[in-house]
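K.L.:
Take this structure first; my questions come after.
Residue numbers (the working numbering), protein chains in the order written: chain A, 567 to 757; chain B, 73 to 234.
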């Protein structure tokens with residue numbers, strides 16, 4: 567492995583996983599699964615199934631391409647990059663097929679999820695629907711930056727590395743994004 | 073928001089401001105009501121976004137786990153019919169394949185030869201019969217000549233007889 571920015575403990579784990587150690591592979595998945603699913607949920611417009619698919623695809627790519635991972639960036643950054651591409655693809659697919667399929671071929675409820683109480687679920691969905699509408703008013707870059715920085719709580723440096731842009735550009739997208747969201751969600755966020 | 077400290081407020085809320093600038097901002101906030109209001113609004117928005125966008129459930133994970141959906145009526149109906157539809161498609165493909173790779177069509181002359189193949193097998197018996205009926209040798213028999221002309225043509229007939 568090249569590069570020195572991967573933390574030593576994680577680098578060891580990756581090395582073991584690359585040699586085919588299943589425990590190391592499981593450990594890597596466990597370490598990042600929740601984080602990646604949470605980001606996928608936020609990036610995929612709060613659709614649990616799409617987020618789940620994107621997460622599965624991301625980890626599938628991790629397993630198939632682990633041998634070619636050189637450690638030039640941290641595994642987290644690499645996973646976020648893959649995830650963003652997956653989420654963008656899923657959103658594209660979603661626009662074309664999902665609405666049609668849901669309308670004509672059933673509601674597509676997922677057996678991997680246990681439904682929380684209906685009232686709680688409705689309130690949550692309403693809030694998320696408003697946030698989604700507000701987020702849709704942002705540009706693609708602004709949306710990504712706001713999701714990664716504000717919601718996920720990554721550092722400016724990490725966001726810049728994931729998106730392949732400068733920290734200045736991240737700040738610029740962030741300020742504009744927050745300003746738009748404040749206008750759109752101002753009254754709600756004060757509640 | 074017209075105050076030039078606006079960007080510092082955003083950075084402070086997002087924990088991106090260094091210690092020195094943070095102290096300066098705190099001092100400024102004590103004296104500027106507009107910035108104080110902006111700070112609390114931005115902080116409220118960030119907290120709102122962080123909390124409300126959390127997924128309610130983290131699904132179980134595993135490499136083999138695939139999403140299974142409950143389809144509607146059409147999905148269930150066509151799901152049952154899948155093997156039948158597959159069989160029909162296979163039969164149709166087989167039929168089309170047979171048509172495509174069938175032997176090339178024969179010319180009228182070739183067809184005539186094929187039709188007369190059975191007749192040619194019994195040629196010896198037939199010739200003897202003709203000789204008995206006509207009382208003449210086989211090569212002069214008009215019936216025999218006629219039949220061979222139909223099937224092979226004169227040249228082949230004469231070759232065959234010789």
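Cβ atoms here follow ideal geometry from the backbone N, Cα and C, with glycine treated the same way. Small disclaimer: the values here were computed from a predicted structure and weren't measured.
Would you tell me roughly how many angstroms separate the C-alpha atoms of residue 747 of chain A and residue 701 of chain A, rounded to the nearest one?
P.N.:
Rounded to whole angstroms, residue 747 of chain A to residue 701 of chain A spans 7 Å at the Cα level.
K.L.:
Can you tell me where the alpha helix (DSSP H) with residue 721 of chain A in it begins and where it stops?
P.N.:
No alpha helix (DSSP H) contains residue 721 of chain A, which DSSP labels as neither H nor E.
K.L.:
Taking the alpha-carbon of residue 596 of chain A as reference, which of A:579, A:610, A:584, A:691 has the nearest alpha-carbon?
P.N.:
Selected option, being the one with the closest Cα: A:579.
K.L.:
Looking at residue 117 of chain B and residue 632 of chain A, is the spacing between their C-beta atoms short of 8 Å?
P.N.:
For residue 632 of chain A and residue 117 of chain B, no; Cβs fall outside 8 Å.
K.L.:
Note down the Cα distance separating residue 617 of chain A from residue 719 of chain A, rounded to an integer number of angstroms.
P.N.:
In a straight line, the C-alpha of residue 617 of chain A is about 19 Å away from that of residue 719 of chain A.
K.L.:
Check each residue of the region 737-748 of chain A: if its Cβ is closer than 8 Å to any Cβ of chain B, include it; give the result in chain order.
P.N.:
Listed in sequence order: 737, 740, 741, 744, 747, 748.
K.L.:
What do you get for residue 737 of chain A, buried or exposed, if any count of 16 or more other CB atoms within 10 angstroms of its CB means buried?
P.N.:
Answer is buried; the Cβ neighbour count reaches 16.
K.L.:
Count the CB pairs spanning the region 712-730 of chain A and the region 74-81 of chain B that are closer than 8 Å, and state whether there are at least three.
P.N.:
No: fewer than three Cβ pairs fall under 8 Å.
K.L.:
From A:658, A:635, A:610, A:704, pick the residue whose C-alpha is nearest to that of residue 585 of chain A; which is it?
P.N.:
That would be A:635, whose Cα lies nearest to the Cα of residue 585 of chain A.
K.L.:
Count the other CB atoms, across all protein chains shown, that sit within 10 Å of the CB of residue 159 of chain B; report buried if there are 16 or more and exposed otherwise.
P.N.:
Residue 159 of chain B comes out exposed.
K.L.:
Output the boundary residues of the alpha helix (DSSP H) element that contains residue 624 of chain A.
P.N.:
Looking at the DSSP string, the run of the alpha helix (DSSP H) that includes residue 624 of chain A is 614-631.
K.L.:
Pick helix, strand or coil for residue 84 of chain B, following the three-state DSSP scheme.
P.N.:
The answer is helix: DSSP assigns residue 84 of chain B an H, G or I state.
K.L.:
Excluding the 5 residues preceding and the 5 following residue 739 of chain A in the sequence, name in chain order all residues of the same chain whose CB lies nearer than 7 Å to its CB.
P.N.:
For residue 739 of chain A, where only same-chain residues beyond five positions count, the Cβ hits under 7 Å are 707, 708, 711.
K.L.:
Taking 8 Å as the threshold (C-beta atoms), are residue 638 of chain A and residue 86 of chain B in contact?
P.N.:
No, the Cβ-Cβ distance between residue 86 of chain B and residue 638 of chain A is not below 8 Å.
K.L.:
Kindly list, in the order they appear in chain B, the residues whose Cβ is closer than 9 Å to that of residue 593 of chain A.
P.N.:
Going along chain B, no residue has its Cβ under 9 Å from residue 593 of chain A, so there is no contact; the nearest lies around 13 Å.
K.L.:
Between A:583, A:644, A:611, A:612, which lies nearest to residue 624 of chain A when the distance is taken from Cα to Cα?
P.N.:
Of A:583, A:644, A:611, A:612, the residue nearest in Cα terms is A:644.
K.L.:
Quick one: which chain C residues come within Cβ less than 8 Å of residue 122 of chain B?
P.N.:
Judged by its chain identifiers, the structure shown contains no chain C, and its protein chains are A and B.
K.L.:
I need the DSSP call for residue 728 of chain A, collapsed to helix, strand or coil.
P.N.:
Helix at residue 728 of chain A.
K.L.:
Alpha carbon to alpha carbon, what distance is there between residue 161 of chain B and residue 651 of chain A?
P.N.:
Taking the straight line from one Cα to the other gives about 38 Å.
K.L.:
Cβ of residue 722 of chain A within 8 Å of Cβ of residue 88 of chain B?
P.N.:
It is a contact, given that the beta carbons lie within the stated cut-off.
K.L.:
Going by DSSP, what residue range makes up the alpha helix (DSSP H) through residue 775 of chain A?
P.N.:
No answer is possible for residue 775 of chain A: the residues shown for chain A start at 567 and end at 757.
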